Amino acid sequence: MTGSEWWRTAVIYQIYPRSFADANGDGMGDLTGITNRLPALRALGIDAIWLSPFYTSPQNDAGYDVADYCDVDPLFGTLADFDTLQHTAHELGIRVIVDLVPNHSSSEHPWFEAALAAAEGSEERAHYIFRDGQGENGDLPPNNWDSVFGGNAWTRVTNPDGTPGQWYLHLFDTTQPDFDWDNEWVKAQFRDVLRFWLDRGADGFRVDVAHGMIKAAGLPDYTPPVAGGSMGGASTEGPGIITEWPETAPYWAQDGVHDIYRDWRLILDEYPGDRILAAEAWVDPLSHVAEWVRPDEMHQAFNFAYLETAWAGPALRRVIDDSLAAFGAVGAPSTWVLSNHDVVRHASRLALNHENLQGHGIGPTTPDLPDNVIGLHRARAASALMLALPGSSYLYQGEELGLPEVIHLPDSAREDPTWFRTNGERYGRDGCRVPLPWEAAAPSYGFGPSAESWLPQPDEWAGLARDAQVGVAGSTLELYTLALGLRREHALGLGSVEWLDGHADEIVALRNGAVTVVANTGATSVPLPAGELLLASGPLPGNTLPGDTTVWLRA
């Protein structure tokens, strides 16, 4: 029945395979490690997992540089390991969503290698965006576009005879050339990729850079008019208040991208089980994001406006209203998300006192480093508020443990291309990708059977390990487990928001079905509302609701 599909209310847990669990002790997470840890996710109470890329890749961008879309990188295992993971997950009642990276491939993909070997103007080159350079000898890039990771978005190739050749576009790293999605051959290849994973039992796809792929005709010069995150988005001033919507860049959010998703939707609809497409679309405003989830396109789109909203009552009420209205207008559920593999973990981000643009990261020289105690209090309260909202929620691995951003990584350990392409001016995303702690007393905190870990884990993570929190009253893990159980018991994902009046601006108070939710985003305690206490994100001294605390109550 339309309106009752699983994805409309699902809690979907993002797994970053490099950092989730390592079965063979090489310091790199793998598919078998994920399979072995699935019972822990079943106990947590999630509905589906989303796997960040595990495809064959030279790993220049941690797998988002794909060299084979239909195979597993040996770092992570084999196709048989994927099949085992998928079957085990389904036996546990967990659906499996795989990441798809259609904007670009690796420069080591056979398709791009064929393009380099082919002549200018050939069909092979037409699969990617090759252009002649500007200037008398073509020495200047075709336009002024910058890479998301910093630096120029064009790289010049060398011809077989050693002379300089054409330039190719890469909105990300030099090793990630952009496809030309006006090319019918490219479209046909990705239809085959979709069917490959759907035939293996995948329940859907999270689409990377879903606002990319199509570029404006003529590839015009473009200078961003306002500051924004590296993937696009608006400039903000104050607590989540948008001051100016940016002009649409000629490489983001072009109308033609929607034709691609209508085509893909027809393929997914051929398969049983409500297979889904989820968009990573960094566009503003929310009414624009909703265009990705019209009835004949994708099923979900990440709510980055919510993720980027400050911990402040007026801003939160506004973004919740705007989200429900925008997505509801096209018959889609709103999604809610606070962390992922590309942003500073919200246990740190919510305690920052300065703007932190998406992709920039934080590190030792960042001004006003976050207070971890304040950050965790706010993160727990924010998560409790988010999980009470109707629609679908996304969790990022480790947030259920209260993990903060890792700030003091040695420079020699950093791997994010942003760090290198900006000459260390931006720390990038390594700090949210550090491998998880499972057992406090084990080597690598139980991440794997050895002490190896591809990014170093901080000493203080021993106290945050999963086995140090299971069954411990008041732990962040138990808070999440309780929230997910109550969310399911009271069908909050199917509910609605009724705002409750009579509260100060810093108080977010709403009713969803039989559950009253009150979040105090301020610094001053207020009287605890009447009702049976179901959940509290922190202590409630003297029957009050302190700042940075959320409660669920049953009247």
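Quick note: to get the working numbering, add 295 to the position in the sequence shown (first position is 1). For every residue, glycine included, the Cβ atom is placed at its ideal position computed from N, Cα and C. As the structure is a computational prediction, the values presented were derived from the model and not from experiment.
Separation of residue j from residue i, as counted between CA atoms
i: G551; j: I509; result: 6 Å
i: A850; j: S678; result: 22 Å
i: P334; j: I341; result: 11 Å
i: Y546; j: G507; result: 6 Å
i: N286; j: G833; result: Past the boundaries of the shown model lies residue 286; the chain is included only from 296 to 850, so the question cannot be answered.
i: D558; j: L572; result: 12 Å
i: L772; j: S402; result: 41 Å
i: N454; j: T470; result: 18 Å
i: E827; j: V306; result: 25 Å
i: Q309; j: R724; result: 15 Å
i: L829; j: T379; result: 38 Å
i: K482; j: L680; result: 41 Å
i: G719; j: T713; result: 8 Å
i: L787; j: S314; result: 31 Å
i: P519; j: T543; result: 9 Å
i: P824; j: G780; result: 22 Å
i: E801; j: V812; result: 14 Å
i: E565; j: W345; result: 21 Å
i: G324; j: P685; result: 33 Å
i: D554; j: G446; result: 31 Å
i: D579; j: S442; result: 20 Å
i: G533; j: L633; result: Model confidence at G533 stands at a pLDDT of 35, short of 50, so the residue's coordinates are unreliable and nothing is read from them.
Cutoff 8 Å; reference residue i; Cβ partners in own chain excluding five residues on either side
i: H382; result: G496
i: G623; result: S629
i: P822; result: N838, T839, L840
i: G320; result: G743, P744, S745, E747
i: I389; result: L333, L336, R337, I341, D342, A343, I344
Nearest candidate by alpha-carbon position, reference residue i, set the options
i: Y364; options: R806, A605, L493, A624; result: L493
i: P738; options: W462, L466, A757; result: A757
i: W302; options: V812, L789, I802, W847; result: L789
i: A627; options: V638, L581, L671, S643; result: L581
i: G808; options: A683, D800, D468, W440; result: A683
i: D456; options: S748, E695, A412, W345; result: A412
i: H649; options: W606, L795, L370, D725; result: W606
i: Y359; options: I562, H465, E408, W733; result: H465
i: W440; options: D487, D516, G416, D366; result: D516
i: R728; options: A338, D356, R337, S299; result: D356
i: P662; options: A676, V668, A646; result: A646
i: W749; options: L704, A620, V396; result: L704
i: P732; options: R761, P744, Y722; result: R761
i: S352; options: P730, Y311, L370, A338; result: L370
i: V448; options: P472, P753, Y689; result: It should be pointed out that residue 448 corresponds to Ala in this sequence rather than to Val. Nearest option by C-alpha distance: P472.
i: E734; options: D754, E710, A763; result: A763
i: S688; options: E418, W631, N667, G658; result: W631
Contacts around residue i, its chain only, beta-carbon distance under 6 Å, and the 5 residues preceding and following it disregarded
i: L514; result: N438
i: P751; result: A708
i: V367; result: F349, T373, L374, F377
i: T845; result: A676, A679, L680, A814, S832
i: G322; result: E747, S748, W749
Nearest-angstrom Cβ-Cβ length linking residue i and residue j, presumed shorter than 8 Å
i: T331; j: A343; result: The sequence shown places Asn at residue 331, not Thr. The pair is not a contact, with the Cβ atoms about 18 Å apart (cut-off 8 Å).
i: Q484; j: F425; result: Between F425 and Q484 the Cβ distance is about 18 Å, and since that is not below 8 Å, they are no contact.
i: S348; j: D394; result: One point to set straight first is that residue 348 is Pro, not Ser, in the sequence displayed. So it is a contact: roughly 5 Å between Cβ atoms.
i: E272; j: V502; result: Nothing in the structure corresponds to residue 272, since the chain is present only between 296 and 850.
i: Q595; j: V588; result: 6 Å
i: G697; j: V639; result: Between V639 and G697 the Cβ distance is about 14 Å, and since that is not below 8 Å, they are no contact.
i: Y775; j: E695; result: 4 Å
i: G670; j: A642; result: 5 Å
i: Y423; j: D475; result: 6 Å
Extent of the continuous alpha helix (DSSP H) to which residue i belongs
i: V614; result: 608-623
i: R390; result: From DSSP, R390 is part of no alpha helix (DSSP H) but of the beta strand (DSSP E) over 390-395.
i: T383; result: 374-386
i: W406; result: 405-412
i: R782; result: 771-784
i: N648; result: Segment: none, N648 is in no alpha helix (DSSP H) and carries neither H nor E.
i: R486; result: 479-494
i: V552; result: 552-564
Same chain, Cβ closer than 7 Å to residue i, neighbours up to 5 away in sequence not counted
i: H798; result: A804
i: T819; result: G842
i: F444; result: F467, D468, P712, T713, R716
i: T450; result: W462, Y463, H465, T469
i: F491; result: C365
i: G298; result: none
i: S791; result: P685, N807
i: I702; result: I657, G658, P659, L664, G726
Residue i - containing beta strand (DSSP E), residue span
i: F500; result: 499-502
i: P824; result: It is not in any beta strand (DSSP E) - P824 carries neither H nor E in the DSSP assignment.
i: Y463; result: 459-464
i: D363; result: 363-367
Cutoff 9 Å: residue i Cβ touching any chain D Cβ
i: A605; result: Absent here is chain D; the protein component of the structure consists of one chain.
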